[in-house]
Amino acid sequence: MNEKGGVGKTTTTLLLASSAAAQGLKTLVIDLDPQGNSSAALGVRDAEISAYELLDRAKPGSVQEAAVPSAWPGVWIIPGHRSLTAINTGHAIGGEMALRTAMTGVLGWDLVLIDCPPSSERLTHNALNTSDCVLIVTQPTRFSLEGVSQVIESIDLVRNYWNPSLAIAGVVVNGQPARSREAGVRLGELRATLGHDVWEPPIPRRQIIDDMTGAGAPLSQFGADAQSVIEIVDVHLARLLWLDASYRDAHPDRNPARLLADMTAAEELS
């Protein structure tokens, strides 16, 4: 998440979903952005139950009936809808806990990704109250990096009032240009401030990523042109999943440090 718009939250959500599905993980995307860009890329704009109806009429386990298969094999979606803007302006008691209620007792997915809107209001609080961890997405620009500190403040608020176990998984830098002094400076600042919380390597700025969202197809369908990006996203997905002890025990071969070392070694040989 990030409270700034345009930093690549939706793109990162789709990249992780693509990687997870390619590895055989059943993945659910919950689109809480009223713009519904994740839903559009996944080929589902309209459904009987959108994220708005889910939150407005939340009951235990209702995520199970709201999720529908997307156009991407192995990925399900609860689509966003413009009516979600009404959730932010509502004043229902317990409204910040609606998604958590809807997720109660839900089974059947290996990974649930929530695409957040660029705000710190009720929709984002719903996502944070429901999640085990938060992946902060930013770009190597001054104003995007300022949004990181705002996100951390929101996370602290949610920890204090609703979800004390909420963890920060890390920070992903999206859209890193191949050559840019400004981007290099900003990335250095972020690393100096947050250290190992910044996931390496950054997701590069590549046309193939825009092609993925434009075509509404997972990155795995773009062949060799997408391979370098796929390898980076696979490392990031491994970092995310590695936070779960049961995953670590079941998949010792998916150690993210080892995957990153293997990727770096292969790049040096090429």
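If you use full-length UniProt numbering, the sequence shown closes out at 270, no skipped numbers anywhere. We put the beta carbon where it would ideally sit given N, CA and C, even for glycine. Note that the structure is a prediction, hence the values are computed from the model and not measured.
Looking only at its own chain, which residues have a Cβ that is under 6 angstroms from the Cβ of residue i, when we skip the five neighbours before and after it?
i       : result
Thr-130 : Leu-99, Arg-100, Met-103
Ile-93  : Residue placement at Ile-93 is poorly supported in this model, since its pLDDT is 49, which falls under 50; the coordinates still yield a value, given next. Excluding sequence neighbours, Ile-93 sits near nothing in its chain.
Leu-15  : Val-233
Ser-38  : Thr-10, Thr-13, Val-29, Asp-31, Asp-115
How long is the line joining the alpha carbons of residue i and residue j, rounded to whole angstroms?
i       : j       : result
Ser-50  : Ala-183 : 38 angstroms
Trp-162 : Arg-179 : 42 angstroms
Pro-202 : Ala-192 : 15 angstroms
Pro-164 : Val-68  : 31 angstroms
Arg-181 : Asn-174 : 16 angstroms
Ser-62  : Pro-118 : 25 angstroms
Ile-87  : Gly-108 : 27 angstroms
Gly-36  : Thr-13  : 13 angstroms
Asn-157 : Glu-96  : Checking the displayed sequence, the identity of residue 157 turns out to be Leu instead of Asn. Computed Cα separation, rounded: 12 angstroms.
Asp-115 : Lys-9   : 7 angstroms
Leu-259 : Glu-268 : 14 angstroms
Gln-150 : Cys-133 : 16 angstroms
Gly-43  : Met-212 : 12 angstroms
Pro-73  : Gln-227 : 19 angstroms
Ala-250 : Asp-244 : 10 angstroms
If I measure Cβ to Cβ from residue i and keep anything under 8 angstroms in the same chain, skipping five residues before and after, which residues do I get?
i           : result
residue 318 : Shown here, the chain extends from 1 to 270; a query on residue 318 therefore has no answer.
Ala-40      : Gly-216
Gly-195     : none
Leu-190     : Thr-138, Pro-140, Leu-145, Val-148, Val-171, Val-173, Val-198
Asp-110     : Ala-20, Leu-25, Lys-26, Thr-27
For the beta strand (DSSP E) that contains residue i, what are its first and last residues?
i       : result
Trp-109 : Per DSSP, Trp-109 belongs to no beta strand (DSSP E) and is neither H nor E.
Residue range of the alpha helix (DSSP H) that residue i falls in?
i       : result
Pro-256 : 256-269
Leaving out five residues before and five after residue i in sequence, what residues of the same chain have Cβ atoms less than 7 angstroms from its Cβ?
i       : result
Trp-199 : Gly-170, Val-171, Val-172, His-236, Arg-239
Thr-225 : The amino acid occupying residue 225 in the given sequence is Asp; Thr does not appear at that position. Cβ within range, chain order: Ile-208.
Met-263 : Glu-231, Val-235
Gly-105 : Pro-60, Gly-61
- Query: Taking one C-beta from the region 112-124 and one from the region 25-35 each time, how about it: are there three or more such pairs within less than 8 angstroms?
  - Reply: A contact exists between the region 112-124 and the region 25-35.
- Query: Where in the region 16-52 do unbroken runs of the alpha helix (DSSP H), each at least 4 residues long, occur, reported from the N-terminal end onward?
  - Reply: Segments of the alpha helix (DSSP H) lying fully in the region 16-52: 37-41.
- Task: Could you tell me whether the region 221-235 touches the region 167-176, using the rule of 3 or more Cβ pairs below 8 angstroms?
- Result: A contact between stretches requires three or more CB pairs, one per stretch, nearer than 8 angstroms, and the region 221-235 fails this requirement with the region 167-176.
- Task: Could you name each continuous alpha helix (DSSP H) segment of 4 residues or more that falls completely within the region 130-195, going from the start of the chain to the end?
- Result: Note on the region 130-195: whole alpha helix (DSSP H) runs with a minimum of 4 residues are 142-161, 181-194, in chain order.
- Query: Per the contact definition of three or more C-beta pairs closer than 8 angstroms, is the region 183-201 in contact with the region 137-155?
  - Reply: The region 137-155, when compared against the region 183-201, does touch it at the 8 angstroms Cβ threshold.
- Message: At 3 residues or longer, what runs of the beta strand (DSSP E) sit wholly inside the region 58-98?
- Response: Fully enclosed beta strand (DSSP E) runs of 3 or longer: 75-78.
- Message: So within the region 193-248, which uninterrupted alpha helix (DSSP H) runs reach at least 4 residues, ignoring any that extend past its ends?
- Response: List check, alpha helix (DSSP H) in window: 207-215, 227-242.
- Pair every Cβ in the region 47-63 with every Cβ in the region 13-25, then say whether three or more of these pairs are closer than 8 angstroms. Taking 8 angstroms as the limit for Cβ pairs, the verdict is that the region 13-25 does not touch the region 47-63.
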